[in-house]
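Structure first, then comments.
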Amino acid sequence: MAETRQAETYGFQTEVKQLLHLMIHSLYSNKEIFLRELVSNASDAADKLRFKALSDNSLLADDSELRVRVSADKDAGTITISDNGIGMTRDEVINNLGTIAKSGTAEFFSQLSGDEAKDSRLIGQFGVGFYSAFIVADSVTVRTRAAGAASNEAVEWHSKGEGEFDLKAIEKAQRGTDIILHVRDDAKEYLDEFRLRGIITKYSDHLSIPVQMPERDDDGKHKEWQAVNTGQALWTRDKADISDEEYKEFYKTVAHDFEDPLLWSHNKVEGTQEYTSLLYIPKRAPWDLWNREQQHGIKLYVKRVFIMDDAQQLMPTYLRFVRGLMDSNDLPLNVSREILQDNKITRAMRNGSTKKVLSMLSKLAKDEPETYQEFWNTFGTVLKEGPAEDHANQEKIASLLRFASTYEDKSEATVSLDAYLERMPEKQDKIYYIVADSYEAARDNPALEIFRKKGIEVLLLSERIDEWLMSHLNEYREKQFQSVTRGDLDLGELDDAEDKKQQEELEKSFEAQIKRFEQALGDKVKSVRVTHRLTNSPACIVTDDNDMSTQMAKLMEAAGQKVPETKYIFELNPEHALVKQVSTISDDAKFAEWAQLLLDQATLAERGSLKDPAQFVSRLNRLMMELTGA
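If you use numbering that gives the first Met the number 0, the sequence shown closes out at 629, no skipped numbers anywhere.
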């Protein structure tokens, strides 16, 4: 193998250095997964070449039998994983092996704590692929030649995992990639080919690409290559013949996860469209779950031929945590992303897979509520994107949502909408909720006082997405949602005749004071009125039905959008001692000071902040000094 030029040295991306450090220090208790990862990558490379060869058969040249080969050399202390797949160009080697080109990578690594057990789980979420080689190797050599490239256009990459890698051009007779692991002393057990064969059988038996190992004679000499795996795609087998353990191991390969899945569903659809789906719900969130532009986890196959990794047309964005694959008998083998975008077969597969995932989750919620709560704690925020994106399944998604509520005073305790409806008083015709910056702010909002007095349950929403969610979720099982901080409060039949009579009398007796407050506050408020929400607090602010809510305004501001100023409705509690006392002040200037203080307090309780907190503090100090005679 003649070298055509001297090696050049490159530095790893910072994040790769951190990852390699963790690998070299053996975070994983189960070291053998290195072989699963590398064989899986090699199989993917063969799959990708098979797909590209559909449009350019010359890429296969005279080597059309795609395969992966694994061998060990005890004398040299090396393990070699070879494939005759798609291979890599020089630029691809630099990008794929020297950089983790994923958005949010730095943020991910900032979560690493130095706690090996915790960091191991995080790395598992990240998905390390090639870098898992350093779990057992103190140096790694990669020799690769891209399909269609000349033999002298091959590249050799070498690194000891110490922050740098060397790159040089070489001659390579065959296309594909050879990965040579120079095994560390504490991992010599993996130089035993019988041991390697057992690992391949355990983790990679389902791969449709043959995984071969050398068959040796009594003297240990290589006679021929022998397939170790069965070579039958797992999803093509009958469900009754597949064990739970096989499903779990397949998930780990297809999702590059290190933990078992939470649950899965394997289905074969026949009729107008024919396809097979094998869908998994992970236990843990992938590291980039919150990036809506991330790759989706569904692989697309056509007649068992791998087509693409990121088949985002097959699963809606709000279910982007789902992993697995779909295999169609109806799509053309040369299908492109553009064709997938607007294809009735794809739409049918997407609708079917969406309903299947929602059905899986509904069954889990019904049969194993505690396990479903764990799922909700991990993926609930993403699922909340569903009602806005998928109107056809809106009620099904809504049934899966979970909320904190006044029913149980614990932030971690959640209720379903169905449970809320079961507890509703017979005369209640709305589902009441409040959105705030935090659970505590929602729980302690003055607007809840009348609801607590009457024993009416209110949903407490405190995530950033919640206001957006409720702007799209208008009703559930024919019950309208109603924010307790929007519009005029009307409890309908929950207020009896005596309550309504007292409210009317109170409004009438306080008319003059309402006008005085309106004059004192001027255009700082939209209007002033007597409240029916408060029992213990002096005042609150609410938004009109047609105005933007506080939380929606904050959401848009956080997104960098210009938001028109909202003028609030100022509600006063005439029966509160402070309001009664302020109403007796004859000096208009002092009255205006107290009116502004009440408004600032109400604004602080609703918004959590003031435009001019210094002025609020100054006014508060001034009025307190007057009261104390200082």
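Think of the CB as a built atom: it goes at the ideal place given N, C-alpha and C, for glycine as much as any other residue.
These numbers were taken from a predicted model, which means no experiment stands behind them.
Item	Value
Glu-36 burial status per 10 Å Cβ neighbour count (16 or more: buried)	buried
Separation of Ser-39 from Asp-204, as counted between CA atoms	11 Å
C-alpha distance - Val-633 paired with Lys-453, whole-angstrom precision	Since the first residue of the chain shown is 0 and the last is 629, residue 633 is not available in this structure.
Member of Ser-70, Ala-45, Lys-167 and Asp-72 whose CA lies at the smallest distance from the CA of Ala-6	Lys-167
Whether Glu-466 touches Ile-540 by CB criterion (9 Å)	no
Backbone secondary structure at Pro-368 - three-state DSSP	helix
Leu-26 versus Leu-34 - alpha carbon distance	Any reading at Leu-26 must be qualified, since the residue scores a pLDDT of 47, below 50, and its modelled position is unreliable; no value is offered.
Three-state secondary structure assigned by DSSP to Lys-610	coil
Cβ distance (whole Å) where Thr-79 is taken to contact Asp-177 below 8 Å	6 Å
Assigned secondary structure, Thr-79 (DSSP; H/G/I helix, E/B strand, else coil)	strand
Classification of Val-581 by the beta-carbon crowding that lies within 10 angstroms, buried from 16 upward	buried
Inter-residue CB distance, Thr-77 and Ile-179 (contact presumed, cutoff 8 Å)	5 Å
Exposure of Val-135, with buried meaning 16 or more beta-carbon neighbours within 10 Å	buried
For Lys-589 and Phe-516, the rounded distance between their alpha carbons	12 Å
Where the alpha helix (DSSP H) containing Pro-386 begins and where it ends	385 to 388
Terminal residues of the alpha helix (DSSP H) in which Thr-549 lies	549 to 557
Alpha-carbon spacing of Asn-444 relative to Arg-451, whole angstroms	11 Å
Cβ-Cβ separation, Phe-480 to Leu-472 (assumed contact under 8 Å), whole Å	6 Å
Pair within 9 Å by beta-carbon distance, Ser-415 and Glu-456	no
Reference Tyr-438; option with closest CA among Val-210, Phe-402, Pro-386 and Asp-522	Phe-402
For Gln-501, the three-state DSSP class (helix, strand or coil)	helix
Alpha carbon of Asp-630 to alpha carbon of Arg-319, nearest angstrom	Nothing can be reported for residue 630, as the shown portion of the chain is limited to 0 through 629.
Segment contact, 8 Å Cβ cut-off, at least three pairs: the region 568 to 588 with the region 491 to 499	no
Stretch pair the region 196 to 214 + the region 223 to 242: three plus CB contacts closer than 8 Å	yes
Per-residue burial, Phe-193 [other beta carbons within 10 Å of its own, 16 or more giving buried]	exposed
Ser-461 beta carbon less than 9 Å from that of Asp-436	yes
Where Ser-54 falls: helix, strand or coil (DSSP)	coil
Sheet register partners of Lys-478 (DSSP bridge)	Tyr-475
Inter-residue Cα distance where the pair is Trp-224 and Arg-303	24 Å
Outcome for Val-616 when other beta-carbon atoms lying within 10 angstroms are tallied against a minimum of 16	exposed
Spatially closest choice to Gly-323 from Glu-503, Val-356, Tyr-317 and Leu-339, by CA coordinates	Val-356
Counterpart residues of Val-268 in DSSP-defined beta bridges	Tyr-274
Alpha carbon of Arg-485 to alpha carbon of Asn-94, nearest angstrom	52 Å
Minimum Cβ-Cβ distance from Ser-242 to chain D less than 9 Å	In the structure shown, chain D cannot be found, because there is only a single protein chain.
Helix, strand or coil at Pro-213 according to DSSP, with G and I counted as helix	strand
Proximity of Pro-285 and Glu-258 at Cβ, strictly below 9 Å	no
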